[in-house]
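A.B. asks: Could you have a look at this structure, given as structure tokens, before my questions?
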Amino acid sequence: MSEEPSEEEVLEEEEEQEEPEVLLAEKRYDEIDEILSKTMKIDKKREWSINDMLDVVFLNKRLGIPVFIALMWAVFQLVFTFGAPFQSLISDKIFGAWLPDLTNAVIPNKIVLSFLNNAVFNGVGTVLSFIPIIFLLFLVLAILEDCGYMARAAFVMDKAMYKLGLHGKSFIPLISGFGCNIPGVMACRTIGSEKDRKLTILVNPLISCGARMVIYTFIAGAIFPAEMVGTVIFSIVFLGVALAIAMAVLFRHTLFKGSPSAFMMELPRYAIPTAKASILHMWERGKWFIYKAGTIIFGIVVLVWFLQVLPWGPTQGGTVIENSYIAMIGHFLQPSVEIFGWDWKTAVALFFGFMAKETVVATMETLGQTADVLPTIMTPLSAYALLAFSLIYVPCVACMATIWREMSLKWMFFAIAYLMILAGLISLVIIGIGHFLLGMPIHV
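This is the structure we're talking about:
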């Protein structure tokens with residue numbers, strides 16, 4: 004009979020299997036522990052602090068990741084449960100009733116009324132109505148960062164991300180992408196390894212930014228029951244994270260071969276966030292949402308409105324929409340989206356979404372695809388596929404320009420190509436599973 008290996012031999016074998024960078028980090032901490040044991044007197048009878056008790060849960064190798072996922076689900080449920088009533092108030096009461104009634108009473112010109120009602124109130128107004136939800140999401144994320152939890156989430160995710168080919172520091176830029184992908188891409192500058200930096204930049208657009216949250220909330224809120232909206236949106240956000248990890252694994256084994264460098268970080272103590280700091284962080288992330296609504300989105304909505312009412316009809320109120328210039332563009336694009344169960348208006352909205360993601364909602368509203376109309380033209384299956392497509396396909400022009408600046412023009416076009424292909428494939432998979440395997444309808 005062969006002798007069983009001793010405990011020392013087992014430990015040596017495990018060490019040999021460890022990655023050199025991980026082993027080096029562990030040896031450094033062993034050395035630190037040895038120095039501390041000789042220079043510090045530790046009271047073993049001391050009571051555990053709240054910091055210690057929280058870390059037992061949040062840093063646990065088995066509980067840490069499930070707790071993080073559950074906490075993120077709770078964040079989205081909280082945000083959309085408390086934010087939805089305020090969003091409805093702004094959308095339905097202010098931009099949907101009070102302002103149109105006021106303008107209809109004082110402005111006789113049909114062209115001006117069409118512009119105000121369809122472009123400004125329906126288009127830009129609908130986007131602005133999501134301010135309570137977006138700002139509440141940014142506020143909750145700011146609180147999680149300021150209290151010290153996000154640093155621990157990065158620590159817990161490091162080992163799993165390392166095995167999948169992502170650098171531990173990639174977690175911070177990816178989390179930053181929830182606010183906006185542009186600072187998320189720029190935050191990759193903190194990653195020392197050039198391969199790790201480029202890989203993280205390429206997968207960052209798969210993280211759901213605040214602009215995409217507008218699309219998710221609008222479509223999910225119109226199609227799915229109210230109690231399911233938070234879960235549906237969380238599933239799309241989680242899909243983005245899963246795809247980012249999957250593409251990182253693929254790129255690690257193809258474009259950027261090699262192991263990621265080791266990751267070391269100092270965990271801050273837990274702290275009670277101050278209202279001032281959290282509100283400032285929320286405002287820094289959210290102000291760009293308001294800025295874009297008043298500039299880029301407004302400009303695109305005006306363009307869509309003009310294309311919708313041109314060529315001018317005999318009534319001076321524009322032409323029938325099916326005969327308009329925007330319909331010509333839409334019917335040209337429609338064959339590319341018919342398989343998903345979407346019409347030409349949705350194709351136009353996605354097309355203009357290249358400029359800014361919020362424009363998808365603004366364009367749909369301007370073309371008459373309001374929250375009341377969507378259930379009559381989309382099924383839950385085609386709507387969910389649209390959510391997935393909106394998540395994946397090319398981010399806004401500003402984000403693409405940032406990738407160009409941080410990498411190169413070649414990599415920017417590569418990102419556009421792979422994201423468009425991936426968006427089509429994932430949407431087809433969703434349609435295929437729902438329609439052919441589960442028997443769900445694509446068309447109303």
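For the sequence shown, the residue numbers in the numbering used here are 4 to 447.
Ideal Cβ positions, reconstructed from N, Cα and C, are used throughout, including at glycine.
1) Would the beta-carbon of Leu81 fall within 8 Å of that of Arg155?
2) Classify Lys198: buried if its beta carbon has 16 or more other beta carbons within 10 angstroms, exposed otherwise.
3) Looking at the unbroken alpha helix (DSSP H) that takes in Ile110, where does it start and where does it end?
4) Can you have a look at Leu377 and say buried or exposed, based on whether 16 or more other CB atoms are within 10 angstroms of its CB?
5) Would you call Val288 buried or exposed, if buried means 16 or more other Cβ atoms sit within 10 Å of its Cβ?
6) Are there three or more Cβ pairs, one per stretch, closer than 8 Å when the segment 185 to 205 is compared with the segment 222 to 232?
7) Round the Cβ separation of Phe292 and Val127 to the nearest angstrom and send it over; I've been treating them as touching at under 8 Å.
8) I think Ile218 touches Val364, with their Cβ atoms under 8 Å apart; what is that distance to the nearest whole Å?
9) At what residue ranges does the segment 357 to 382 contain a whole run of the alpha helix (DSSP H), taking only runs of 4 or more?
10) Helix, strand or coil: which one does DSSP assign to Pro444?
11) Buried or exposed: which applies to Glu29, given that a residue is buried once 16 or more other Cβ atoms fall within 10 Å of its Cβ?
12) Apart from the five residues just before and just after Leu140, which ones in its own chain have a Cβ nearer than 6 Å to its Cβ?
13) Look at Ile433 and Leu209 and say whether their C-beta atoms are less than 8 Å apart.
14) Could you check if Asp58 is buried or exposed, using at least 16 other CB atoms within 10 Å of its CB as the buried criterion?
15) Between the alpha carbons of Tyr421 and Phe241, how many angstroms are there, rounded?
16) First and last residue of the alpha helix (DSSP H) that includes His284?
17) What does the alpha-carbon distance come out to for the pair Gly86 and Gly233?
18) Below 6 Å CB to CB, which residues in the same chain sit around Met415 once its five sequence neighbours on both sides are set aside?
19) Between the alpha carbons of Asp55 and Ile303, how many angstroms are there, rounded?
20) Spell out a yes or no on whether the segment 330 to 347 and the segment 146 to 154 are touching, meaning 3 or more CB-CB pairs, one atom from each, closer than 8 Å.
21) What residues in its chain sit with their C-beta under 7 Å from that of Ala247, if we drop five residues either side in the sequence?
22) Where does Ile100 sit, in a helix, a strand or coil, going by DSSP?
23) Kindly indicate which residue of Leu412, Val397, Ile424, Leu389 has the alpha-carbon position closest to the one of His446.
24) Please say whether Val188 and Phe71 have beta carbons closer to each other than 8 Å?
25) Grab me the residues of Gly435's own chain with a C-beta within less than 8 Å of its C-beta, minus the 5 sequence neighbours each way, in chain order.
26) With a 10 Å radius around its C-beta and 16 neighbouring C-beta atoms as the bar for buried, classify Ser132 as buried or exposed.
27) Considering Cα atoms alone, identify which of Leu310, Met250, Pro276, Pro88 is closest to Ala426.
28) Got a sec? Which residues, its chain only, sit under 8 Å from Pro317 by beta carbon, not counting five neighbours each side?
29) I think Tyr328 touches Leu313, with their Cβ atoms under 8 Å apart; what is that distance to the nearest whole Å?
30) Could you compute how far the alpha carbon of Gly297 sits from the alpha carbon of Leu384?
31) Helix, strand or coil: how does DSSP classify Arg272 here?
32) Using CA atoms only, rank isn't needed, just tell me which of Thr349, Gly182, Tyr387, Ile332 is closest to His284.
33) To the nearest angstrom, how far is the alpha carbon of Arg31 from that of Ile282?
34) Going by CA-CA distance only, name the one from Ile380, Ile68, Glu34 that's closest to Ala157.
C.D. replies: This is what the structure gives:
1) For this step, residue 81 is matched to residue 78 along the sequence shown. For this step, residue 155 is matched to residue 152 along the sequence shown. Contact flag unset, no.
2) The residue given as residue 198 occupies position 195 in the sequence shown. It is buried - the Cβ of Lys198 has at least 16 other Cβ atoms within 10 Å.
3) Counted from its first residue, the sequence shown places residue 110 at position 107. No alpha helix (DSSP H) holds Ile110; DSSP gives it neither H nor E.
4) Translated into positions along the sequence shown, residue 377 becomes position 374. Counting Cβ neighbours within 10 Å, Leu377 comes out buried, since at least 16 surround it.
5) Position 285 of the sequence shown, counted from the start, is the residue given in the question as residue 288. The residue you asked about is not Val; residue 288 is Arg in the sequence shown. Result: buried.
6) no
7) In the sequence shown, counting from the first residue as 1, residue 292 sits at position 289. In the sequence shown, counting from the first residue as 1, residue 127 sits at position 124. That pair is no contact at about 12 Å.
8) On the sequence shown, position 215 is the one that residue 218 refers to. On the sequence shown, position 361 is the one that residue 364 refers to. Contact holds; Cβ gap of about 6 Å.
9) 361 to 369, 377 to 380
10) In the sequence shown, residue 444 corresponds to position 441, counting from 1. Pro444 falls in the coil class under three-state DSSP.
11) Along the sequence shown, read from residue 1 onward, the residue named residue 29 stands at position 26. Exposed: under 16 other Cβ atoms inside 10 Å.
12) As a first step, residue 140 must be located in the sequence shown, where it is residue number 137. Cβ within range, chain order: Val82.
13) Looking up residue 433 in the sequence shown gives position 430. Looking up residue 209 in the sequence shown gives position 206. No, the Cβ-Cβ distance between Ile433 and Leu209 is not below 8 Å.
14) Within the sequence shown, numbered from 1, the residue matching residue 58 stands at position 55. By the 16-neighbour rule on beta-carbons within 10 angstroms, Asp58 is buried.
15) As a working note, residue 421 is residue 418 in the sequence shown. As a working note, residue 241 is residue 238 in the sequence shown. About 19 Å.
16) Working through the sequence shown from its first residue, we reach residue 284 at position 281. Element bounds for His284: 278 to 297.
17) Looking up residue 86 in the sequence shown gives position 83. Looking up residue 233 in the sequence shown gives position 230. The straight-line gap separating the alpha-carbon atoms of Gly86 and Gly233 is approximately 11 Å.
18) Reading the sequence shown from its first residue, position 412 is the one you call residue 415. So the list reads Met403, Ile406, Trp407, once near-sequence residues are dropped.
19) Locating residue 55 in the sequence shown gives position 52, where the first residue counts as 1. Locating residue 303 in the sequence shown gives position 300, where the first residue counts as 1. Taking the straight line joining both Cα atoms gives about 52 Å.
20) Result no; under three Cβ-Cβ pairs closer than 8 Å.
21) Within the sequence shown, residue 247 is the residue found at index 244, counting from 1. The answer, listed in chain order, is Leu177, Val206, Leu209, Ile210.
22) Here the question's residue 100 lines up with position 97 in the sequence shown. The sequence shown places Ala at residue 100, not Ile. In this structure, Ala100 counts as helix in the three-state DSSP scheme.
23) Numbered from its first residue, the sequence shown carries residue 446 at position 443. Nearest C-alpha to His446: Leu389.
24) Numbered from its first residue, the sequence shown carries residue 71 at position 68. Numbered from its first residue, the sequence shown carries residue 188 at position 185. Contact flag unset, no.
25) The residue you call residue 435 lines up with position 432 of the sequence shown. In its chain, beyond the 5 residues on either side, no residue has a beta carbon closer than 8 Å to the beta carbon of Gly435.
26) Looking up residue 132 in the sequence shown gives position 129. When all chains shown are included, Ser132 counts as buried.
27) Counted from its first residue, the sequence shown places residue 426 at position 423. Ranking the options by Cα distance to Ala426, first place goes to Met250.
28) Your numbering for residue 317 matches position 314 in the sequence shown. Low confidence applies to Pro317: its pLDDT is 46, below 50, so where it sits in the model is not reliable, and the reading given next is rough at best. Once the five neighbours on either side are set aside, Pro317 has no close Cβ partner at all.
29) The residue given as residue 328 occupies position 325 in the sequence shown. The residue given as residue 313 occupies position 310 in the sequence shown. Tyr328 to Leu313, Cβ: 5 Å. Contact.
30) For the purposes of this step, residue 297 is identified with residue 294 of the sequence shown, where counting begins at 1. For the purposes of this step, residue 384 is identified with residue 381 of the sequence shown, where counting begins at 1. Gly297 and Leu384: Cα-Cα distance of roughly 33 Å.
31) Working through the sequence shown from its first residue, we reach residue 272 at position 269. Per DSSP, reduced to three states, the secondary structure at Arg272 is coil, with no helix or strand assignment.
32) If you number the sequence shown from 1, residue 284 lands on position 281. Closest by alpha carbon: Gly182.
33) Position 28 of the sequence shown, counted from the first residue, corresponds to residue 31. Position 279 of the sequence shown, counted from the first residue, corresponds to residue 282. A straight-line Cα-Cα distance of about 39 Å links Arg31 and Ile282.
34) As a first step, residue 157 is located in the sequence shown; it is residue number 154 there, counting from the start. The shortest Cα separation from Ala157 among Ile380, Ile68, Glu34 belongs to Ile68.
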